[in-house]
Amino acid sequence: MDKKSGIYAAKKVTGKRGTLGKEYFEAGPYGGQSFLIIKRNYKILFDHGKTVFPRLFEKHLNMLDFGCALGAGTSWLSKHVKGTIVGVDISSYAIQEAKKMFPCNNIFFYKLDLSKRPDAEFLIAKHGVFDAFFSRDTIEHIPREKHRAVLRNLFRLLADNGVVLASVANGLNPYSYFCDRTHVGLRTPFSYNNLFKESGFEIVKSFEKQGIPVSRRSKEDELLKEVTIPIFGFAVYIFAKKKTAQRNSDLNNGAT
181 MDKKSGIYAA KKVTGKRGTL GKEYFEAGPY GGQSFLIIKR NYKILFDHGK TVFPRLFEKH
241 LNMLDFGCAL GAGTSWLSKH VKGTIVGVDI SSYAIQEAKK MFPCNNIFFY KLDLSKRPDA
301 EFLIAKHGVF DAFFSRDTIE HIPREKHRAV LRNLFRLLAD NGVVLASVAN GLNPYSYFCD
361 RTHVGLRTPF SYNNLFKESG FEIVKSFEKQ GIPVSRRSKE DELLKEVTIP IFGFAVYIFA
421 KKKTAQRNSD LNNGAT
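The numbering of the sequence shown is our numbering, which starts it at 181 and goes up by one.
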C-alpha cells in the first residue's frame, strides 16, 4: 500500500467468494478504494446520524465501529467523536494492519466474531456497554444465517437508550451482487428493517441512497470527483435505538 496516497494497487482478485483475507484488503473491492473515499463514506453516514440524533455527539461516547476493516474509518471517527472508539472485525489481517497504521490512545482494535456470545461478553468485560454502534457496509458481508445472532449480540452490547448508525448494500440493486464477491448476506430494505426490529431495535429512520457513487482520484490535486448514476438505491441507511423496555427479555434469548 502507498501510505502517503492511501491507495492500494488494483489487481485481479482470484480468492474464494466470501474470503476477507489479505488479498481482499489489498487487491479486492476494498483494496481498490482510497482511504479518502472510505473516510468520505464514514462522514456521510456520520452526518446523517447527526441529523437523526442531533444531541448524540455532544457528549462523551463509548462507540463501537462494527466491521472496521483496516481502521481508516475508525481513525476518522476518533477525530470527530469525544470518547473511546472500539473497532471490531472478523479478519485477523485487517485488525493486524489497523493496529499498525492507526495507533491512538482512544482507539482499540479487536479480532472478534460477534455472532458468538463469548466474543460479545469479552467486549463488555473490556469496555462495558456502548452508547452507539456504527456500521458502514458490514452486515451484507455476513452470511444471512448469522444475522440474527449478530444483531442480538449488538443489542446486548448497547447501553439503555443506545443508538445504531448503519449502512448496508441494497439487495434489490443488481450492482450489489457483482461489485463485491463477499456480499453473501444481501437483503432487501424491508428485510433489513425487519431484522433490526426482530432483534429488539426501534427503527427511528431508514431510507435508500438513490444512486451509485463512482469515484476516481485526481493524481494532481488528490481531490475526489464523483458521478452519480441513477439506479435503484445502492445503500440502505438505518438509524435505530435500543428499546429498553425489552432489554431484560432480549438478554435472555437469542445469540449463543
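For every residue, glycine included, the Cβ atom is placed at its ideal position computed from N, Cα and C.
| Query | Result |
| --- | --- |
| S379 (DSSP reduced to helix, strand or coil) | coil |
| Contact check, K219 vs A252, beta carbons under 8 Å | yes |
| Inter-residue spacing [alpha-carbon to alpha-carbon] between N341 and K421 | 6 Å |
| E400 - DSSP class collapsed to helix/strand/coil | Model confidence at E400 stands at a pLDDT of 40, short of 50, so the residue's coordinates are unreliable; what they give is reported in the following sentence. Looking at E400 - three-state DSSP - the assignment turns out to be coil, as it is neither helix nor strand. |
| Y357 beta carbon less than 8 Å from that of L225 | no |
| Environment of E320 [buried if 16+ CB atoms lie within 10 Å] | buried |
| Alpha-carbon to alpha-carbon, T264 and N333 | 20 Å |
| Outcome for P234 when other beta-carbon atoms lying within 10 angstroms are tallied against a minimum of 16 | exposed |
| Rounded straight-line distance, which links the Cα of V344 to that of Y222 | 14 Å |
| Check whether K296 and F289 have beta carbons under 8 Å apart | no |
| Contacting residues, own chain, Cβ-Cβ under 7 Å from Y273 (five flanking each side not counted) | G201, K202 and F205 |
| Spatially closest choice to I217 from R316, S386, H260 and T368, by CA coordinates | R316 |
| Simplified DSSP state of D299, which is helix, strand or coil | helix |
| Counted within 10 angstroms of its Cβ, other Cβ atoms place F335 as buried (16 or more) or exposed | buried |
| Per-residue DSSP class, three states only, for V348 | strand |
| Counted within 10 angstroms of its Cβ, other Cβ atoms place C121 as buried (16 or more) or exposed | Since the displayed the chain opens at 181 and closes at 436, residue 121 lies outside it and no answer follows. |
| Pair within 8 Å by beta-carbon distance, K385 and F414 | no |
| Through-space distance from K259 to L294, alpha-carbon basis | 25 Å |
| Cβ shell of D269 (< 7 Å), same chain only, five flanking positions each side left out | G247, C248, A249, I275 and K291 |
| Residue span of the beta strand (DSSP E) that contains K291, given as start and end | I287 to K291 |
| Test item: CB-CB of A300 and L338 under 8 Å | no |
| Heavy atom of the ligand MG within 7 Å of Y222 beta-carbon | By its list of ligands, the structure shown contains no ligand whatsoever, and the ligand MG lies outside what it can speak to. |
| Reference F314, options L236, K423 and M243, closest by Cα | M243 |
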